[in-house]
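Since the structure comes first, as structure tokens, the remarks are kept for the end.
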Amino acid sequence: MQSRDNQFIQLRKQKLEKLRAAGINPYPVKSARTHSVGDVLADRESWISSQQEVCLAGRLVAMRRQGRIGFGNIEDASGRIQIYVAQNLVGEENYELFKLCDAGDFVQVGGTLFNTEAGEYSLKTIRIELLTKNLRPLPAVKEKLVDGKTVRYDEFSDIELRYRKRYLDLLLNPGNRQVFIQRSRVISAIRSFLDAKGCLEVETPVLQPLYGGANARPFVTHHNTLDTDLYLRIATELYLKRLIVGGFEAVYELGKDFRNEGMDRTHNPEFTMLELYVAYSDLDGMIAVTEEMIRHLAQNVIRKDIYNFRGHQVNLAQPFIRASMLDLVKEHAGIDLSDFDYGRALAFCKGHKLEVSPEAGVGKLIAVIFEAFVEEKLIQPTFVTDFPKEISPLAKAKPDNPQLADRFELIIAGHEFANAFSELNDPLDQRARLEAQARLRALGDEEANVVDEDFLEALEYGMPPMGGLGIGIDRLVMLLTENDSIKEVILFPQMKPE
RNA sequence: GGUCCAGUAACUCAGCGGUAGAGUAUCUGCCUUUUAAGCAGAGAGUCGUUGGUUCGAGUCCAACCUGGAUCACCA
């Protein structure tokens with residue numbers, strides 16, 4: 462957009478030459494920082510009374526020069542502090558350097574702490590040195606404290622620019638930086654939570670010869686040496702299950718999945734997924750761990766119970782609701798399909814102009830009705846159970862009803878947050894279900910599962926009964942940081958090349 | 001992919017078919033306790049792109065590009 466030099470860049474390059482001519486290296490190797498800004502912001506009185514000399518380093522974010530004195534603010538990761546630079550304290554030569562500094566430069570500043578006449582805690586500079594010369598001016602953002610609240614002027618707020626140049630967003634919008642700090646804490650807390658339960662974090666291939674574990678179209682790439690196409694994984698499921706066959710009893714993976722689908726407010730082509738598998742557990746075990754973990758994150762990481770999300774108030778402190786899909790369909794769509802009557806289901810869909818493909822079975826139709834009539838109405842966290850087996854090719858059937866899968870999805874504010882089942886471990890049943898998926902594929906369903914013979918062979922060696930769970934981490938972070946767009950919680954969301 | 005909205009200076013934005021604007025930022029001058037510093041002055045633009053209508057287009061029309069919202073698809 463502005464790659465060629467504008468007036469600002471030309472001026473700064475001239476300053477760079479002046480600095481070099483004065484024998485100053487604008488990009489020195491070493492910094493002599495002794496303290497962080499955060500260090501001197503704590504326990505201010507003792508810093509002032511001790512008059513201990515410190516050297517701070519950071520980015521100069523504001524300059525207010527007036528004749529032979531000047532003020533600036535420097536910021537490092539721990540905070541921001543005002544510096545007071547006076548010619549009679551730093552000397553004429555060093556003051557000339559200060560005059561060549563711009564907002565955006567990295568500097569290190571030696572001095573002692575004091576309060577100015579206006580009462581602002583500041584560093585009284587005795588020496589200022591350049592650490593990195595800035596060539597491209599930062600967008601101007603000013604702020605003012607009004608009644609303890611920070612009012613910001615000319616914010617860097619263009620959404621496209623914020624995503625494309627995230628470094629500027631982080632630098633200029635501290636609130637947005639906070640979102641990613643929270644994200645990191647959430648992910649870290651998930652690890653500790655699962656580790657404390659005895660789960661083992663593992664890494665499985667991103668590049669897979671066959672993809673599976675979800676319904677989605679994959680990205681395809683090519684390995685030159687093997688001269689073979691490989692897929693970027695759409696899920697980690699089938700590899701994690703192999704590990705349970707291998708004797709691990711509780712494994713999880715936190716990592717990126719890739720799905721070659723549309724992008725919108727809740728979908729990015731690469732996204733972070735948590736998958737967890739626990740042997741000898743089942744759906745109830747997964748419900749318990751999901752609810753406990755999400756509440757733990759809300760209460761102990763974010764430290765709130767109520768979240769504003771998509772125009773709703775979501776309460777993560779109260780017990781999550783549990784309801785079966787057929788009951789919900791009955792309640793919200795007014796049709797009882799517990800008899801799995803295909804004709805009535807189809808008539809209902811047609812009557813409500815719901816789009817259904819001709820190869821869809823009654824289970825798929827029930828899911829379509831659920832999505833159209835129920836999903837958006839589930840605001841408070843709700844475990845929707847008893848999915849049709851037909852649309853759950855990797856889940857075990859319910860013992861008391863072979864049409865239903867022992868599966869749940871957690872819906873919050875009309876969006877899916879988690880998906881779990883009692884995992885199917887009958888190798889022959891699993892083969893039959895994958896082959897049924899393959900038939901759908903042959904009929905043109907590009908998102909149907911493929912038959913993974915290696916996985917089926919692993920199942921034949923025996924996989925213990927277990928519960929499995931997947932949680933979309935980006936969406937969870939959206940909820941916990943109260944953001945309505947996935948792009949707000951992914952540092953570098955996918956954008957079209959400029 | 002459909003529909004709607006937006007794109008003008010580094011940032012945030014005005015702009016009625018008739019010479020391209022403001023605030024901040026920047027530059028120059030004055031200024032030794034400022035803090036959205038102040039005062040005085042100055043510079044800064046291929047108005048997203050390409051066509052068209054018109055004596056004349058930032059403004060009207062068309063197509064395209066990028067982003068957003070929404071619907072569809074998608075878990």
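Anchor point for the first sequence: position 136 equals 597 in this note's numbering, and the numbering is continuous, going up by one each time. For every residue, glycine included, the Cβ atom is placed at its ideal position computed from N, Cα and C.
Looking only at its chain, what residues have a beta carbon closer than 6 Å to the beta carbon of residue i, apart from the 5 residues adjacent to it on each side?
{"i": "K948", "result": "Y624 and P954"}
{"i": "K603", "result": "Y614"}
{"i": "Y922", "result": "V706"}
{"i": "I840", "result": "H773 and A874"}
{"i": "E884", "result": "M927 and G929"}
{"i": "R703", "result": "A919"}
{"i": "K957", "result": "none"}
{"i": "R525", "result": "F532"}
{"i": "F834", "result": "H793 and A794"}
In the DSSP assignment, the alpha helix (DSSP H) including residue i goes from what residue to what residue?
{"i": "M754", "result": "L744 to H757"}
{"i": "Q548", "result": "Q548 to V551"}
{"i": "I509", "result": "R505 to S511"}
{"i": "P635", "result": "P635 to A657"}
{"i": "L671", "result": "No alpha helix (DSSP H) contains L671, which DSSP labels as neither H nor E."}
{"i": "F831", "result": "V823 to F834"}
{"i": "A919", "result": "E914 to E921"}
{"i": "R678", "result": "No alpha helix (DSSP H) holds R678; DSSP gives it neither H nor E."}
{"i": "L952", "result": "Premise fails: L952 is in no alpha helix (DSSP H) and is neither H nor E."}
Can you name the start and end residues of the beta strand (DSSP E) that residue i belongs to?
{"i": "V692", "result": "One detail in the question is off: residue 692 reads as Tyr in this sequence, not Val. It spans T689 to L693 - the beta strand (DSSP E) in which Y692 sits, taken as one unbroken run."}
{"i": "C436", "result": "Residue 436 lies beyond the stretch modelled for the chain, which goes from 462 to 959, so this question has no answer here."}
{"i": "G499", "result": "Taken as a continuous stretch (DSSP letters only), G499 belongs to no beta strand (DSSP E), being part of the alpha helix (DSSP H) at V498 to L502."}
{"i": "Q864", "result": "N862 to I873"}
{"i": "Q774", "result": "H773 to N776"}
{"i": "F732", "result": "E731 to A740"}
{"i": "E590", "result": "Y582 to T593"}
{"i": "Q760", "result": "Looking at the DSSP string, Q760 is not in any beta strand (DSSP E), and its letter there is neither H nor E."}
Buried or exposed, going by whether 16 or more other CB atoms sit within 10 Å of the CB of residue i?
{"i": "G533", "result": "buried"}
{"i": "F469", "result": "exposed"}
{"i": "A858", "result": "buried"}
{"i": "Q891", "result": "buried"}
{"i": "R481", "result": "exposed"}
{"i": "A828", "result": "buried"}
{"i": "K850", "result": "buried"}
{"i": "A856", "result": "buried"}
{"i": "L687", "result": "exposed"}
{"i": "D861", "result": "exposed"}
{"i": "N467", "result": "exposed"}
{"i": "D630", "result": "buried"}
{"i": "D766", "result": "exposed"}
Whole angstroms is fine: what's the gap from residue i's alpha carbon to residue j's?
{"i": "E506", "j": "G540", "result": "17 Å"}
{"i": "D906", "j": "G609", "result": "58 Å"}
{"i": "C810", "j": "R726", "result": "27 Å"}
{"i": "V950", "j": "Y672", "result": "27 Å"}
{"i": "D915", "j": "F882", "result": "22 Å"}
{"i": "M939", "j": "I748", "result": "21 Å"}
{"i": "E557", "j": "K594", "result": "15 Å"}
{"i": "L999", "j": "R473", "result": "Any question about residue 999 goes unanswered here, given that the chain covers just 462 to 959."}
{"i": "T573", "j": "I535", "result": "15 Å"}
{"i": "S464", "j": "R520", "result": "Note that S464 scores 40 on pLDDT, short of 50, meaning its location in the model is unreliable; the coordinates nonetheless yield the value given after this. Spanning the two alpha carbons is a distance of roughly 23 Å."}
{"i": "A677", "j": "R694", "result": "10 Å"}
{"i": "H496", "j": "S510", "result": "17 Å"}
{"i": "V498", "j": "D537", "result": "6 Å"}
{"i": "D504", "j": "V551", "result": "26 Å"}
{"i": "A866", "j": "F641", "result": "37 Å"}
{"i": "S818", "j": "L735", "result": "31 Å"}
{"i": "S645", "j": "R805", "result": "48 Å"}
{"i": "M786", "j": "T689", "result": "42 Å"}
{"i": "A808", "j": "E877", "result": "27 Å"}
{"i": "G674", "j": "G716", "result": "14 Å"}
{"i": "D887", "j": "P854", "result": "12 Å"}
{"i": "K476", "j": "K560", "result": "10 Å"}
{"i": "M924", "j": "L737", "result": "15 Å"}
{"i": "A903", "j": "N944", "result": "39 Å"}
Short of 8 Å in beta carbon distance, which residues of its chain neighbour residue i, apart from the five on each side in sequence? Order them along the chain.
{"i": "G746", "result": "V739 and G928"}
{"i": "L941", "result": "Q643, V647, L758, A759, V762, I763 and Y768"}
{"i": "M462", "result": "Reliability of the predicted coordinates at M462 is poor, the pLDDT of 32 falling under 50, and the value obtained from them is presented with this limitation in mind. Contacts found: E959."}
{"i": "P730", "result": "F680, F719, R720, N721, E722, M724 and Q955"}
{"i": "K658", "result": "A711 and V750"}
Say whether the segment 835-845 touches the segment 775-788, bearing in mind that this needs 3 or more beta-carbon pairs closer than 8 Å, one atom from each stretch.
yes
Quick test of the definition: if touching needs 3 or more C-beta pairs under 8 Å, does the segment 543-557 touch the segment 520-530?
yes
Taking three-plus beta-carbon pairs below 8 Å as touching, is the segment 558-576 in contact with the segment 477-493?
yes
Three-pair Cβ contact test at 8 Å for the segment 661-671 versus the segment 895-903
no
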